[in-house]
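In the working numbering, the protein residues as written are 3 to 255.
Built from N, CA and C at the ideal position, the CB exists for glycine as well.
Data first, discussion second: the structure below is written as structure tokens.
Here it is in structure tokens:
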């Protein structure tokens with residue numbers, strides 16, 4: 003990886019963030035949008051979502067994207083997306099459980115059914131952020147979290163894995179080793195390492211197959227611990243062959 007590669011990825015992400023501002027400028031929540039004051043916030047805070055382009059406090063930004071009970075979730079998202087995208091890249095968004103929550107919020111807004119220029123802006127932001135994260139030696143949001151967000155937002159896994167597989171830098175390999183260390187407990191228990199609302203089993207199988215095919219050589223290039231390589235090997239075994247293997251880590255489920 004060269005400095006030029008990093009510079010190009012940064013420029014692409016900056017352009018994508020600017021595009022989000024231009025595309026969603028002037029957007030507001032619906033005039034009749036409502037949420038219960040007793041658990042969501044004040045009428046004055048709700049009113050801010052109906053005024054375009056005003057920066058929100060981070061707590062209010064969080065309360066805008068996270069609820070599942072907006073009448074028109076998509077319009078609320080369009081109102082906050084320029085600020086939310088910058089906050090995501092800056093590491094200022096802190097979901098209760100994981101970045102997959104943000105991805106599901108995007109999915110609830112049905113962004114892939116919005117007008118074409120809006121769809122293109124969101125898609126390019128996700129693609130640019132993912133590409134930049136993979137070659138960032140110290141991303142503020144870990145690669146495995148960004149992947150979970152992108153999967154939940156797009157309802158597909160293979161395009162994001164394809165980009166990772168094509169990015170053969172040592173930095174991307176290092177991120178893979180860290181992701182495997184984070185995922186192995188869940189995957190060895192035949193669970194997807196993040197929460198998803200649909201196609202969980204298919205997604206787990208796809209991720210597992212990709213790791214079995216892709217990870218071993220790349221982990222060895224990172225001098226990953228031998229036991230981590232055995233965890234990948236164990237993913238290719240089933241039932242008692244997995245549990246009775248001498249390198250089974252004695253996980254309890």
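Nearest-angstrom beta carbon gap, residue 26 and residue 80 [assumed within contact, 8 Å]: 5 Å
Euclidean distance between Cα positions of residue 227 and residue 187: 15 Å
N-terminal and C-terminal residue of the alpha helix (DSSP H) that residue 161 is part of: 160-168
Secondary structure of residue 180, DSSP reduced to three states: helix
Residue 193 versus residue 173 - alpha carbon distance: 27 Å
Where residue 248 falls, given that 16 or more other Cβ within 10 Å makes a residue buried: exposed
Cβ distance (whole Å) where residue 189 is taken to contact residue 239 below 8 Å: Actually they do not touch by this definition, with Cβ atoms about 12 Å apart.
Straight-line Cα distance separating residue 245 from residue 255: 12 Å
4-residue-minimum alpha helix (DSSP H) runs that sit fully inside the stretch 28-84, ordered along the chain: 45-50 and 60-67
Element boundaries [alpha helix (DSSP H), containing residue 102]: 102-110
Residue 92 burial status per 10 Å Cβ neighbour count (16 or more: buried): exposed
Residue 15 to residue 85 span [Cα, whole Å]: 14 Å
Residue interval of the alpha helix (DSSP H) (run including residue 127): 118-137
Residue 148: first and last residue of the uninterrupted alpha helix (DSSP H) it sits in: 145-156
Other residues of its chain near residue 142: CB distance less than 7 Å, five sequence neighbours each side excluded: 92 and 93
Residue 221 and residue 151 closer than 8 Å at C-beta: no
Under 8 Å between C-beta atoms of residue 66 and residue 53: no
Given 8 Å, three or more beta-carbon pairs between the stretch 157-164 and the stretch 116-126: no
Rounded separation between residue 176 and residue 99 - CA only: 24 Å
Cβ-Cβ separation, residue 149 to residue 212 (assumed contact under 8 Å), whole Å: Actually they are not in contact, since the Cβ atoms of residue 212 and residue 149 sit about 11 Å apart, beyond 8 Å.
Beta-carbon gap between residue 198 and residue 147 smaller than 8 Å: no
C-alpha distance - residue 107 paired with residue 70, whole-angstrom precision: 8 Å
Residue 241 - containing alpha helix (DSSP H), residue span: 241-245
Neighbourhood of residue 272 by C-beta distance below 7 Å, restricted to the same chain and skipping five residues each side: Nothing about residue 272 can be reported from this structure: the residues present for the chain run from 3 to 255 only.
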